Amino acid sequence: MSEIIPVISATGLYTPPDSISNDELVESFNAYVARFNAAHAAEIAAGTVAELAPSSAEFIEKASGIKSRFVMSKESLLDPDVMAPRWAERPNEELSVMAEMGVKAAQAALAAAGRDVKDVDAVLCAASNMQRPYPAMAIEIQQALGIEGFAFDMNVACSSATFGIQTAADFIRAGNARSVLVVSPEICTGHNNMRNRDSHFIFGDVATAVLVEAKDVAPHPHWEIVGTRLKTVFSNNIRNNFGFLNCATPETIGTPDKLFVQEGRKVFKEVVPMVATMIVEHAGDLGLNPAGLRRLWLHQANQGMNRLIAQRVLGHEANEDESPTVLDTYGNTSSAGSIIAFHLNNTDLAVGDTGVICSFGAGYSAGTVFVRKVA
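The opening residue of the sequence shown carries number 1 in UniProt numbering; numbering runs sequentially from there.
Here you go:
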């Protein structure tokens, strides 16, 4: 029996209509800071409460490279009295917000590949947060698309999409599926602490989809999956303590640790070498020269991290063509970031060109997907 080769047939992207610039975000944050400091003036003077520092667009761009981000609920995020997503709760019979985003990205991927829903065997919803625990978001997306077969959710934080791609590729290699949609709807503003100066600017909302198929049914052109690798190392340096058992300790419900929290400098110091080494070693095991990779589609979290990772992999400072950035306009979209970078920056490559889609983040977790363009 001949080996079944998995490929990426197409990708899809759903971008929310509204965007928030750094200037808009800073105006809202600084209004909150001014109100907080005024309301706690006595405690601040007594030294029992720390005075909050204002932010600036310059600080945000220098710290992260982010200039703006797309969001699902702009008005409420910019309201100093709210600073969180707000929308009406939908009835169970109506498509959920997260599933709706995922469906739109999936439809775009199917259209790009010239596929009908009857061609798809499975749906994986791979994202850093799920709107609810059950029924699975993937099954709701499957139902909305009209796909037969099976579906399930998976969460490996910012690495969810690459973990999903390997899972889909493994299903195909094993003969358990011929066509699998990996959908990553990320409403990251829902877990972001918009009142924290160090993180209020980080996240944006988006949804991506990757259609992974067996090579013999794939359209032309497509991307052959040369190899995949996953890695996890436990760390508390990126953490979110929100969960269904929060009700067991009601006195801590709503505390800052129930949102995204990170030790940014520690993450930078530990993740950069881990990811760079992983890419280089995986390339070597595949018989590839890391310096000869045509393009790196890296997780979009921080421009400084990506600059160092690319430099260690390629042996020189990468230009925008070698390591494209979408962080400046999309912000950190968790698992979707590297897929957006690939989606928007792959059509210009030549047949035979090889690159790597790489994600990394909380867990720690990291995934590498080496791909080669096929006519």
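All residues carry an ideal CB built from backbone N, CA and C; glycine is no exception. Model, not experiment: these values are computed from the prediction.
Check                                                                                                                                                              : Outcome
Can the beta-carbon of Asn22 be found less than 8 Å from the beta-carbon of Glu75?                                                                                 : no
Could you round the C-beta distance between Gln143 and Met137 to whole angstroms and report it? I think they count as a contact, below 8 Å.                        : Contact doesn't hold; Cβ gap of about 11 Å is too wide.
Whose C-alpha, out of Leu145, Asn193, Ile202, is nearest the C-alpha of Ala63?                                                                                     : Ile202
Three-state secondary structure (DSSP) at Val318?                                                                                                                  : Here residue 318 is Ala; the residue named in the question, Val, does not match the sequence. Coil.
In three-state terms, what does DSSP make of Ala122?                                                                                                               : strand
Can you tell me where the alpha helix (DSSP H) holding Pro273 begins and where it ends?                                                                            : 264-285
Using the C-alpha atoms, what's the distance from Thr208 back to Thr162?                                                                                           : 12 Å
Using 8 Å as the Cβ pair cut-off and three pairs as the minimum, do the region 107-124 and the region 3-15 touch?                                                  : yes
What runs of the alpha helix (DSSP H), each 4 residues or longer, lie entirely inside the region 22-95?                                                            : 22-39, 41-46, 57-64, 74-78
The alpha helix (DSSP H) with Ser338 in it runs from where to where?                                                                                               : 337-344
For Val82, which residues of its own chain have a beta-carbon under 6 Å away from its beta-carbon, when the five flanking residues on both sides are left out?     : Ser76
Since Asp328 is in the alpha helix (DSSP H), which residue starts that stretch and which ends it?                                                                  : 327-330
Kindly provide the ranges of any beta strand (DSSP E) runs that are 3 or more residues long and lie completely inside the region 121-195, ordered along the chain. : 122-126, 150-154, 179-187
Please name the residue or residues paired with Val206 in a DSSP beta bridge.                                                                                      : Glu186
Roughly how many angstroms lie between the CA atoms of Ser184 and Tyr364, to the nearest whole one?                                                                : 19 Å
So, are the CB atoms of Val7 and Ile225 less than 8 Å apart?                                                                                                       : yes
Nearest by alpha-carbon distance to Glu320: which of Ala336, Ser335, Phe342 is it?                                                                                 : Phe342
According to DSSP, is Glu224 part of a helix, a strand, or is it coil?                                                                                             : strand
What is the residue span of the alpha helix (DSSP H) that Val369 lies within?                                                                                      : No alpha helix (DSSP H) holds Val369; the beta strand (DSSP E) holding it covers 365-374.
Flag this pair as touching only if the region 210-223 and the region 232-246 have three or more C-beta atom pairs under 8 Å; answer yes or no.                     : no
Measuring alpha carbon to alpha carbon, tell me which of Met274, Gly331, Ala283 ends up nearest Ile309.                                                            : Met274
Do the region 147-158 and the region 31-40 meet, that is, are 3 or more Cβ pairs less than 8 Å apart?                                                              : no
On the DSSP letters alone, give me the boundaries of the beta strand (DSSP E) that Val7 sits inside.                                                               : 6-14
With a cut-off of 8 Å on the beta carbons, I'd call Phe70 and Ser19 a contact; round off their distance for me.                                                    : 5 Å
Are the beta-carbon atoms of Ser179 and Glu148 separated by less than 8 Å?                                                                                         : no
Any idea what DSSP makes of Ile309, helix, strand or coil?                                                                                                         : helix
If you count every other CB in all the chains shown that lies within 10 Å of the CB of His316, and 16 or more means buried, which is it?                           : exposed
Mind checking whether Ile5 and Gly175 have CB atoms under 8 Å apart?                                                                                               : no
Identify the continuous beta strand (DSSP E) that holds Gly361 and give its terminal residues.                                                                     : 354-361
Within 10 Å of its beta-carbon, does Arg90 have 16 or more other beta-carbons around it, so buried, or fewer, so exposed?                                          : exposed
How far does the alpha helix (DSSP H) with Leu110 in it extend, from its first residue to its last?                                                                : 97-113
Taking contact to mean 3 or more Cβ pairs, one atom from each stretch, closer than 8 Å, check whether the region 292-312 and the region 327-340 are in contact.    : yes
Taking DSSP as the reference, what is the three-state secondary structure of Ser334?                                                                               : helix
Which residue's Cα is closest to the Cα of Gly337: Ala88, Leu296, Gly264?                                                                                          : Leu296
Among the residues of its own chain, which have a CB less than 6 Å from the CB of Val369, if the five just before and after it don't count?                        : Thr162, Ile165, Thr228, Ile357
Give the single residue among Pro324, Met194, Leu78, Val217 whose Cα lies nearest to the Cα of Gly114.                                                             : Val217
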